[in-house]
Every structure is written in structure tokens, then in C-alpha cells.
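Chains as they are written, first to last, in the UniProt record's numbering: chain A, 1 to 286; chain B, 1 to 352.
Here you go:
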């Protein structure tokens, strides 16, 4: 089998780079998760420690809310924006560009700005709501247990819905005009066109974008960490932040590695289920 | 029921006028074909009937109702698009039933009408397929099926056969014609192919540069074209034109070739005219005019000859098998009953 080994030689450089950049960190994380700080094998002790911690289940539920809430609104708002931007109106080009701004702004800048705007005493949001008498007293957006996670989700939605909008808009623009005209002759009004023509035609785009949003949501640290660092009282603590803080604030690298391994497994299952049941469903036409 | 009246309809895009006042009367059940070269406004006119383009001036009346300001869905029309415009994410059955679904027709009724249409078009085995799994001809039929289930007052066809190969086109031509004879629905059909127009239409509307050049049955247009444009557009190969003048009851071509006319021309003595003669109206005649053969194209059933006659390039079609060669002289005469005379300045037919 000389031929096969020659082929292997050709892909070797790429394999080496991949191995160093991906396989090695993954493997080393696995190794860290079953050893202690001195490097001695400790079995599942680290896993037991992180699973026993009170913050872990809370972070898990927070992550679920965070990802789920973000995606639902990002997709709904993004698709609605795309449909709107796909209509003909004067100044459409400018509006399209402006829509992109939240996505273009660096996450840390956006997070800090929003933190100021949500500030209880000096924030513009409380000012705008108290001045006309919408609410009587300022709300502690970032300290109230009922508002802090929704506020984080809102900021995340604001940050990423333009991405959804632009991707879906690109999909919408590839729909041949004939289809709309055929639908119009068939008796469709605007909402019929949205429901029966636009959405089915951009479904592959929405599926792909949603998968990206899931992955990004599961990995995102910037917004929450910059504003609340997971607080108050772990109300906005999501698993990636828990891992980050375990490793780089408490220096529990082994427990952080164990939590990473668990998180990695859960993520893979979620993504797998998603691809299996949504991305590849009906045998329909492109 | 389904008569269509078009009265002085105009279309402007900004200050550019593309249709300059078109009037056409289409009787209920008639098969009318709008034909003309690219850019003549025929598709625009069809889209105005459909309601996909705004009407800049004039009136369109469908079934006794002025539809200028009605949406396409309120006009009771069905349209077959050049690209077929089938919904890719719907099965054939869903494609055909879509308009009924939007019209809130019951499920059983929809199923009944879709099945009936599928039967007419031979689409029953394909009802559960998606458009991408169909051949071009089958997609074409689905597009027609979508129109049939509507049972509209008017069918509109926008160059429906131009994406098919030549053989399938001929087959679909007769299928559409048979369908029309069966359903008797008023049909407006746009094409740039004059053979399609000649073979299918009850009535042909020849359009050119946004105006109607002539309206008539296929044979009227063939036998008595009102002007040089219609004469040159209808018929294949196209009519030959010889410029010249009238001189003592005869036509004298610019190079002096004299062709006696019978009956006498209505034009004044000495007037500039253009003589039109169709390729099939040349006869081999040892006494006739000399024509220098340029090329010979035998098709088996007939022979097509390009030649120089009276200083002009002409094409003749002969039933005989010719034993001549390029460069040789061929003597031909003209079938004088089939000669057309046109005013050289206006291009209008000079009526005998």
C-alpha cells in the first residue's frame, strides 16, 4: 500500500497543524480534568467537585435561558428585519448599513456602553422612563434578580440580530421575482408571500445561522463578563463564565478542565441533535 | 364571460414610453397570440393584463369589468411564466393547489380539482414529487396545471415554450392547443416565435416598438400583410423585398429588371414602391428572370436557394430537386397573384 502512505505524506503538514492547534488542547484538557495540581491521577474527583458545587446547576440553567432566549429573539427580530430591508423604500441602502452597526461594534465597547445606559442612577434608560412618568422609581436593572438576565439577553440580541438579518436578507435576495409574481397571481397577499414563499425559501439559511448562534451563545463570555462578571449572586453566571472564573480567578485549572469536558459533551449532543433533526429534514428542493 | 378589451393602453417608465396606445378586442374563448421581436412591448402588455405592471394610460377590461386598479388576485386570471415559477418547496400537488388553499377552498374540493387537472395533463404519477425532480416538459405541465385548477376567466402565457428543446416545443404546442379546444378558456399568449403564433392562434396581434402593426387570423396576416414589417415578420423564410418603381403597369427594379404586374397596381405612375414576394412564390421558368445562385440548401422535401435577383439578395423555396450549382444562373418567374406592393416611403400595403 505504497500509494496510500504517499497520500498521507501530502496531508501530513495540515494534520500536524490541526493536531497542535486542536487535538493537543483537547487532549490536554482531558488530561487536566483527571489529575490534580501536582499532575497525579485523581480519577473522577474533579468532576465530583464541580458537579457538587452549588453554582454548577444554576450556571447550567442560566446558560439554557441565555442561549434559548437569545436565539429566539435574534432569529425573530433578524428575520423580520431582513423581510423589511428586502422591501423597496427610499434610503434602503443607508438603513441596511446602519442595521449592521451593532454587529460591527466590538463586544467590550457595546457591553460597557450598555452597562452605563442601564445604570440605576445615571443611566439614560431609567432617565427616559422616569422623566415622562412611565415608572415612578428608577429600576436597578443590573441588580434586580428578575431583570438582570433578561437585560443581558436583550443586549446579546441587539448585538447579533443584524448578523441574522444580513444572512437572511442575502437568502431573500436570491429568490427569483417570478415566484412572488406567481404567488400574487395565485391570490397571495404580503403575509402569504412571507409565510409561503420567503420563509420556506430561506429556511436553509435560518437553520445554518441558528446553529452558529447556538455555538456562539454557548461560548459567549464578553457581554456578561464585562457587565456583571456573572453576578449578582450568580444570577447571570453561565457555564463558560464559571469555567473562566474557576481557571483564571480561582486557579482551579483541573476543576475548570473537568467542567469544560462536561460542557463539551453536552454541547456536542445539542449540536448533533440539532443537525440530525433540523438541518437535514425534508427531502425538498433547493 | 371572459372577454378582454384593451383600449388605448399605454405604458411609460418615467418619461420613456414603451407602449404607445394599444387597442385589442379579445372575444370570450378566443386564443390570441401577441407576437413581435424582443422589446416590442408584448410581455409588458401581458403583465399589465395580469396586474403585475401598472397601467400608465387607457383601460383594460376583463369579463366586463375594468381592472386597471385591481390586484392580480382580484382579476380572475391565471398565468404561466416563462421560467414556470413553480414553488420549489412544494410538491406538484401543493403547487397546483396553492391558489385554492389561499382562496380558502375546502380540502376535498381542492383535491378533486387538482386530481382532475392532473388527469388532463397526465401528471397523476408525479403529484407527490418536487419540481426539481421533474423534466422540463413536466414542469411546463405543472405550470399549466396550476392555471387550470383555478378555472379562471383568462389564461395568460408568457413565452411558455422558450425553455424547452425543439422537439418538446412542437409537442407542447399541440398540447396547449388541444387544451384550449377542450377548456375553451380565453387565452392570451406571448411569443417571439412566429411559427408558434401561426400554428396555435385564432388571432394574431403583431406588435413592434410599442404599437400594434396588425391584428388578424394567421392566414390573413400571411396573405395580406398591411405593411412591410408584418410581411417580413410573418412567414419563414422571410418575404423578399425588391425596391423599385411603377412604370406603365409594370414594376421596374432599381437595376432595370422589369416585372409585369397583374392586376394593375393602384399606385401612381412612377411612384417608388417595394415589391414583396414570398420564397415559395417563385417558379422555375425558362422564360423568367435570371437569378445568380449563391447557395443551395436541400432539406429533402424542398430546396431552399439563396440567389441574386434584380440586384437584391433573395431566398426562394422550390418543391423540385434542383440540379444547379452556386454561381450558375437560375431562371425564375414570380407568381403574380402572390405579389405584394408596399409604398416605399410609408411601408404600407398598396391595395389592388
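All C-beta atoms in this analysis are idealised placements derived from N, C-alpha and C, irrespective of residue type, glycine included.
(request) Anything in the region 173 to 187 of chain A with a Cβ closer than 8 Å to a Cβ of chain B? List those residues in chain order, please. (result) 176, 178, 179, 181, 182, 183, 184, 185, 186, 187
(request) Helix, strand or coil for residue 239 of chain B, going by three-state DSSP, please let me know. (result) coil
(request) Compute the Euclidean distance between the alpha carbons of residue 30 of chain A and residue 170 of chain A, then round it to the nearest angstrom. (result) 41 Å
(request) Please determine, among B/49, B/21, B/13, B/14, the residue with the shortest C-alpha to C-alpha distance to residue 208 of chain B. (result) B/21
(message) Less than 8 Å between CB atoms is the rule here; does residue 103 of chain B satisfy it with respect to chain A?
(response) yes
(request) Quick one: give me the first and last residue of the beta strand (DSSP E) that residue 260 of chain B is part of. (result) 258 to 260
(request) Could you tell me the boundaries of the alpha helix (DSSP H) in which residue 31 of chain B lies? (result) Residue 31 of chain B -> not in any alpha helix (DSSP H); beta strand (DSSP E) instead, spanning 31 to 35.
(message) What does the alpha-carbon distance come out to for the pair residue 239 of chain A and residue 68 of chain A?
(response) 14 Å
(message) Using the three-state DSSP reduction, which class does residue 87 of chain B fall into: helix, strand or coil?
(response) coil
(request) Indicate whether residue 63 of chain B and residue 119 of chain B have their beta-carbon atoms separated by less than 8 Å. (result) no
(request) Have a look at residue 270 of chain B and residue 250 of chain B and give me their C-alpha separation to the nearest angstrom. (result) 10 Å
(message) Assuming residue 160 of chain B and residue 66 of chain B are in contact, meaning their beta carbons sit under 8 Å apart, how far apart are those beta carbons, in whole angstroms?
(response) So it is not a contact: roughly 27 Å between Cβ atoms.
(message) So if DSSP puts residue 155 of chain A in a beta bridge, which residue, or which two residues, is it bridged to?
(response) According to DSSP, residue 155 of chain A bridges with nothing at all.
(message) When you compare the CB positions of residue 162 of chain A and residue 90 of chain A, do they come within less than 8 Å of one another, or not?
(response) no
(request) Determine the DSSP secondary structure at residue 210 of chain B, reduced to helix, strand or coil. (result) coil
(request) Return the chain-ordered list of same chain residues with a C-beta closer than 8 Å to the C-beta of residue 12 of chain A, the five sequence neighbours on each side being excluded. (result) none
(request) With a floor of 4 residues, list each alpha helix (DSSP H) that falls wholly inside the region 221 to 271 of chain A, ordered by position along the chain. (result) 222 to 227, 239 to 248
(request) Would you check if the region 38 to 47 of chain A and the region 250 to 266 of chain A touch, i.e. whether three or more CB-CB distances between them fall below 8 Å? (result) Yes, since at least three Cβ pairs between the region 250 to 266 of chain A and the region 38 to 47 of chain A fall closer than 8 Å, the two stretches touch.
(request) Return the residue from the list B/348, B/230, B/141 that minimises the CA-CA distance to residue 93 of chain B. (result) B/141
(request) Would you identify the three-state DSSP class for residue 74 of chain A, choosing helix, strand or coil? (result) helix
(request) Note down, one range per segment and in chain order, each alpha helix (DSSP H) of at least 4 residues found wholly within the region 157 to 203 of chain A. (result) 177 to 185
(message) What are the residues in the region 197 to 210 of chain A lying within 8 Å of chain B by C-beta distance?
(response) 197, 200, 201, 203
(request) Rounded to whole angstroms, what's the CA-CA distance from residue 281 of chain B to residue 329 of chain B? Just pull it up for me. (result) The straight-line gap separating the alpha-carbon atoms of residue 281 of chain B and residue 329 of chain B is approximately 18 Å.
(request) Can you have a look at residue 61 of chain A and say buried or exposed, based on whether 16 or more other CB atoms are within 10 angstroms of its CB? (result) exposed
(request) Following the continuous beta strand (DSSP E) through residue 286 of chain B, name the residue where it begins and the one where it ends. (result) First-last of the beta strand (DSSP E) with residue 286 of chain B: 282 to 298.
(request) Check the DSSP bridge columns for residue 309 of chain B and list the partner residues they point to. (result) B/291, B/312
(request) Give the residues of chain A in contact with residue 52 of chain B, contact being defined as C-beta atoms less than 8 Å apart. (result) 181, 184, 185
(request) Give the residues of chain B in contact with residue 192 of chain A, contact being defined as C-beta atoms less than 9 Å apart. (result) 102
(request) Would you identify the three-state DSSP class for residue 321 of chain B, choosing helix, strand or coil? (result) coil
(message) Please classify residue 24 of chain A as buried or exposed, where buried requires at least 16 neighbouring CB atoms within 10 angstroms.
(response) exposed
(request) Quick one: using the 10 Å Cβ neighbour count with 16 as the cut-off for buried, is residue 18 of chain A buried or exposed? (result) exposed
(message) Please report whether the beta-carbon of residue 79 of chain B lies at a distance below 8 Å from any beta-carbon of chain A.
(response) yes
(request) Would you kindly work out how many angstroms separate the C-alpha atoms of residue 272 of chain A and residue 97 of chain A, rounded to a whole number? (result) If you take the alpha carbons of residue 272 of chain A and residue 97 of chain A, they lie about 35 Å apart.
(message) Spatial neighbours of residue 355 of chain B within its chain, please: C-beta separation below 8 Å, excluding the five flanking residues on both sides.
(response) Lying outside 1 to 352, the shown extent of chain B, residue 355 of chain B is not represented and no answer is given.
(request) Using alpha carbons as the reference points, say which of B/17, B/19, B/25, B/15 lies closest to residue 188 of chain B. (result) When each option's Cα is compared against that of residue 188 of chain B, the closest is B/25.
(request) For residue 47 of chain A, name the three-state secondary structure that DSSP assigns. (result) helix
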